[in-house]
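Read the structure below first, then the notes.
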Amino acid sequence: MQRRAFTAGLILGVGSSLIGAAHGQGRPTLAVAVNRTARMRGLAFRASKAYLQVHLQVLPGAAEDLIAIVERDFSLSMETAGRVIGNSQATEQHQRLQELRSSLTAAMVRPTNRNAVVNVVNLSESIYTAANALLQSLTSRLATPTASLIPTAGMLRNRAQRIARNYLYMAAGGDGAALRAQIAADRTEFLRAFDSLTRAPLSTPIIRSELELVRSQWVFMEAAIAASPTAETMRNVCTTSERVYSVAESLAALYEDALRELLGR
0 MQRRAFTAGL
10 ILGVGSSLIG
20 AAHGQGRPTL
30 AVAVNRTARM
40 RGLAFRASKA
50 YLQVHLQVLP
60 GAAEDLIAIV
70 ERDFSLSMET
80 AGRVIGNSQA
90 TEQHQRLQEL
100 RSSLTAAMVR
110 PTNRNAVVNV
120 VNLSESIYTA
130 ANALLQSLTS
140 RLATPTASLI
150 PTAGMLRNRA
160 QRIARNYLYM
170 AAGGDGAALR
180 AQIAADRTEF
190 LRAFDSLTRA
200 PLSTPIIRSE
210 LELVRSQWVF
220 MEAAIAASPT
230 AETMRNVCTT
240 SERVYSVAES
250 LAALYEDALR
260 ELLGR
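Mapped onto numbering that gives the first Met the number 0, the consecutive letters of the sequence shown carry residue numbers 0 to 264.
So this is what it looks like as structure tokens:
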């Protein structure tokens, strides 16, 4: 019960911060839309991770809470991104993303089954690709090199979530060798993104403090994924991946605020 309360507290906190940001007055700035679109890459992996938790009965109550929050956050992020789309290509990308999101929602049936798990995992990868395409379209309209900091911070969110998802997928009968290779590749990309942020010229004391928190939480997550999946290690991976997500979410919001101030929009 304590584990569920702790995990639910983390995911509810992140969801609440998104709701507060999404309901700001007026038309959202492009920097806000970039962060919301970058977030959708991680939400796809977060949803499939939570579905696997339900399938494997790993903190299933917290996982059901997380699925509901991801659905709500995805809706808010889609709405925000849709309000700043500026060309036909981005409109088509947004529509494609909405179609895939609807397919994912429909695929997450209860009770879970092996075929549904495979479908959910595959759809989450397709959503990641679609969200990334829209993200690139939006980011290209921000005429400053520092615009890349938001999607780079977003890499910390989505790579931590896919690592955790694939760790659970191994326990659910996925291709162990391929999943281990993907986990290793995502670990490398996570560390590369983190290193890039630590060297970025756009920095503040608060940003540096959040980066240190990301570093400390990543240490716990690395320790959790080092062992082969068991009931205990899967619980640890799920809770530590949520901690990393929560801190990375705060970090991405700081870069969003800094970029809005820099651009005046």
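Just so it is clear, CB atoms sit at the ideal spot from N, CA and C, and this is done for glycine as well.
Quantities reported herein were computed from a predicted structural model and do not represent experimental measurements.
The three-state secondary structure of Asp174, taken from DSSP, is coil. Restricting attention to alpha helix (DSSP H) runs no shorter than 4 residues, the segment 52 to 105 encloses them at 59 to 81, ordered along the chain. The C-beta of Thr79 has 16 or more other C-beta atoms within 10 Å across all chains shown, which makes the residue buried. For Ala62, the CB contacts under 6 Å within the same chain, skipping 5 residues up- and downstream, are Ala49, Gln52, Val53 in chain order.
The segment 33 to 48 makes contact with the segment 144 to 154: 3 or more CB pairs, one atom from each, lie closer than 8 Å.
The beta carbon of Ala163 is closer than 7 Å to those of Lys48, Val236, Cys237, Ser240 in its chain, skipping five residues each way along the sequence. Residue state for Val116 is assigned as helix, using DSSP reduced to three classes. In the displayed model, Val108 falls within coil according to three-state DSSP, outside both helix and strand. Going by beta carbons, Leu55 and Ala89 fall outside the 9 Å limit. If you ignore the 5 residues before and after Asp185, its C-beta comes within less than 7 Å of the C-beta of Arg158, Arg161, Ile162, all in its own chain and listed in chain order.
In summary, Ala257 is buried, with 16 or more beta-carbon neighbours lying within 10 Å of its beta-carbon over all protein chains present. In this structure, Leu141 is the residue among Gln97, Leu141, Ala132 with its C-alpha nearest to the C-alpha of Thr28.
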